[in-house]
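**Q**
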Amino acid sequence: MTQASQNQDQQLGSHGLLDALHEEQDLLFNAYFEGDLTAQEREEFETKLDEDDAFRRSYDEFVNIMSGLRTLPFEFAPDDFVDKVESRIRRRSNGRFFAESLLYSSRVPYEVIALVMMVVMAAAWMLMESPRDSGLRTADLTIDKSAPKQGGDAVKTPPSKP
Amino acid sequence: MSSRRDRKLVRALRARDEDAFRELVNLYQHKVFNIVFRILNDRQEAEDVAQEVFITVFKHIDQFRGDAKFSTWLYRIATNHARNRIKYLSRRARKQHQDISDTPEGDMEINPLGGDVSRPDRQAQANQLEEIIQAGLSQLQSEHREIVVLRDIENLSYQEISEITGLAEGTVKSRLFRARVALKEFVQARYDFQEGS
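Residue numbers (our numbering), protein chains in the order written: chain A, 4 to 165; chain B, 128 to 324.
#1: Should E46 of chain A be labelled buried (16 or more other beta-carbon atoms within 10 Å of its own) or exposed?
#2: For my contact list, E273 of chain B and T206 of chain B are in at a C-beta cut-off of 8 Å; report their separation, rounded to the angstrom.
#3: Flag this pair as touching only if the region 296-316 of chain B and the region 255-272 of chain B have three or more C-beta atom pairs under 8 Å; answer yes or no.
#4: To which residues of the same chain is A173 of chain B closer than 7 Å at the C-beta, ignoring the five residues directly before and after it?
#5: Check the Cβ-Cβ distances between E322 of chain B and every residue of chain A, and say whether any is below 8 Å.
#6: At a CB distance below 8 Å, what residues from the region 159-185 of chain B approach chain A? Give them in sequence order.
#7: May I ask you to report which of helix, strand or coil DSSP gives R132 of chain B?
#8: Could you name the residues of the same chain whose beta carbon sits closer than 7 Å to that of A295 of chain B, not counting the 5 residues immediately before and after it, in chain order?
#9: Assign Y318 of chain B to one of three DSSP states: helix, strand, or coil.
#10: Just the C-alpha distance for A253 of chain B and E89 of chain A, rounded to the nearest angstrom, thanks.
#11: Are the region 141-157 of chain B and the region 80-97 of chain A in contact at 8 Å, needing three or more beta carbon pairs?
#12: I188 of chain B lies in the alpha helix (DSSP H); which residues open and close that run?
#13: Along chain B, which residues have their Cβ under 7 Å away from the Cβ of D29 of chain A?
#14: Pick from B:L264, B:F181, B:V275, B:A306: whose alpha carbon is nearest that of D86 of chain A?
#15: Can we count E172 of chain B as close to the ligand ZN, meaning its CB is less than 7 Å from some heavy atom?
#16: What residues in the region 44-57 of chain A have a beta carbon less than 9 Å from any beta carbon of chain B?
#17: State buried or exposed for D279 of chain B, treating a residue as buried only when at least 16 other CB atoms are found within 10 Å of its CB.
#18: Verify whether the separation of the beta carbon atoms of A306 of chain B and L256 of chain B is less than 8 Å.
#19: Counting only Cβ-Cβ distances shorter than 9 Å, please list the residues of the region 141-154 of chain B near chain A, keeping chain order.
#20: Could one say the Cβ of D133 of chain B lies closer than 8 Å to chain A's Cβ atoms, at least one of them?
#21: For the alpha helix (DSSP H) containing L130 of chain A, list its first residue and its last residue.
#22: Which runs of the alpha helix (DSSP H), 4 residues or longer, sit entirely within the region 14-51 of chain A?
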């Protein structure tokens, strides 16, 4: 407590009245500081500031505290803050949180891998099972059965003209 | 941040766009961290809470209707998280205090939010006042403290504070007044303005 307010306390002597006076003074300080006083009230307040040293000191203390609040140093987040948030999200969501983040996904996409494997295996099975002499069989089927069964190879003859 | 940019960012966040998320955190990380730190007065707790704030934003971005500014919505989440953390720390401190009270050192005081002002003579004058103010801030009731932080440190308007806290403007003003008076009394009891210490 300041010397000014201690003197004021001694002069007045009554705690209830003192509290009321202090509260009224605080209200005034606050209203003036916030710009909530009317023009006339502001003028009266400023006159009192000029004339009453104790009032002026008390108000200056209030302003110093308010200024001290406003000039508290700005606290910056750590440099790796963004990465930390992102990794926390990935950890909690098993990598499913971001839309297109397969590159950074911490969760292996087993469903996709299983599907791809099934397709590859099916394709491989079909390739292995397909007959390798199918071309030859097709050639056999093209033999002209109407040709005479002689010792040599069957020879196709063009149809005779009428 | 402009409202158009806000809307674009929110759209991208709703689409779970990772780049948008990084942009959001880059834009607001320091502001959110500063608010949370001033309410909690503890860097480690503030970092943890600030991370949770952004996770909440990303998880609940679909609930942002766009009635208020995006920053207002973000600061509301930040103050809610900070308030919950204070409650959690207080509960934990009370429990620890009960556990310790049986030990010979049981009469030691536990303040979950710190606020050590026992070494004023070792600090420069300006730092001393700053230290006392921060300690005073951490001694305020949490609902008073967050209003002082939003108004006197972050310099937000009464309307914004009202939207962030969900309180009527009149209530914000009266709480701010009570908080300032309490802070003034705390500082005046510990700092001699005439001597500068």
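We put the beta carbon where it would ideally sit given N, CA and C, even for glycine.
**A** Inspection of the coordinates gives the following:
#1: As a working mapping, residue 46 of chain A is identified with position 43 in the first sequence. It is exposed - the Cβ of E46 of chain A has fewer than 16 other Cβ atoms within 10 Å.
#2: Position 146 of the second sequence holds residue 273 of chain B. Position 79 of the second sequence holds residue 206 of chain B. Confirmed, Cβ separation roughly 5 Å.
#3: Counting C-beta pairs closer than 8 Å gives three or more between the region 296-316 of chain B and the region 255-272 of chain B, which meets the contact rule.
#4: Here residue 173 of chain B is taken as the residue at index 46 of the second sequence, counted from 1. Around A173 of chain B, the same chain offers F160, V163, F164, L167 as residues with beta carbons nearer than 7 Å, after the five sequence neighbours per side are excluded.
#5: Locating residue 322 of chain B in the second sequence gives position 195, where the first residue counts as 1. It does not; no Cβ of chain A falls within 8 Å.
#6: Flagged, chain order: V159, F160, N161, F164, R165, R170, A173, E174, A177, Q178, F181, I182, F185.
#7: Locating residue 132 of chain B in the second sequence gives position 5, where the first residue counts as 1. Correct three-state label for R132 of chain B: helix.
#8: Translated into positions along the second sequence, residue 295 of chain B becomes position 168. Closer than 7 Å at Cβ, skipping near neighbours: S289.
#9: Counting from one through the second sequence, the residue named residue 318 of chain B turns up at place 191. Reduced to three states, the DSSP call for Y318 of chain B is coil.
#10: Sequence index remark: in the second sequence, residue 253 of chain B carries index 126 (1-based). Sequence index remark: in the first sequence, residue 89 of chain A carries index 86 (1-based). Taking the straight line from one Cα to the other gives about 38 Å.
#11: Yes: the two stretches touch, three or more of their Cβ pairs being nearer than 8 Å.
#12: Taking the first residue of the second sequence as 1, we reach residue 188 of chain B at position 61. Segment: none, I188 of chain B is in no alpha helix (DSSP H) and carries neither H nor E.
#13: The sequence position of residue 29 of chain A within the first sequence is 26, counting from 1. Here the neighbours are V308.
#14: Here residue 86 of chain A refers to the residue found at position 83 when the first sequence is read from its first residue. It is B:F181.
#15: The model on display carries no ligand, and the ligand ZN is accordingly not part of it.
#16: Within the region 44-57 of chain A, no residue qualifies.
#17: Position 152 of the second sequence, counted from the start, is the residue given in the question as residue 279 of chain B. Buried.
#18: On the second sequence, residue 306 of chain B is found 179 positions in, with the first residue counted as 1. On the second sequence, residue 256 of chain B is found 129 positions in, with the first residue counted as 1. The Cβ atoms of A306 of chain B and L256 of chain B lie no closer than 8 Å to each other.
#19: Within the region 141-154 of chain B, contact with chain A at the beta-carbon level (separation under 9 Å) is assigned to A142, R143, D144, E145, F148, R149, V152, N153.
#20: On the second sequence, position 6 is the one that residue 133 of chain B refers to. No, because no Cβ of chain A sits closer than 8 Å to the Cβ of D133 of chain B.
#21: Start at 1 with the first residue of the first sequence, and residue 130 of chain A comes out as number 127. Boundaries of the alpha helix (DSSP H) harbouring L130 of chain A: 113-132, taken from the DSSP string.
#22: For the region 14-51 of chain A, whole alpha helix (DSSP H) runs of length 4 or above, ordered along the chain, are 18-37.
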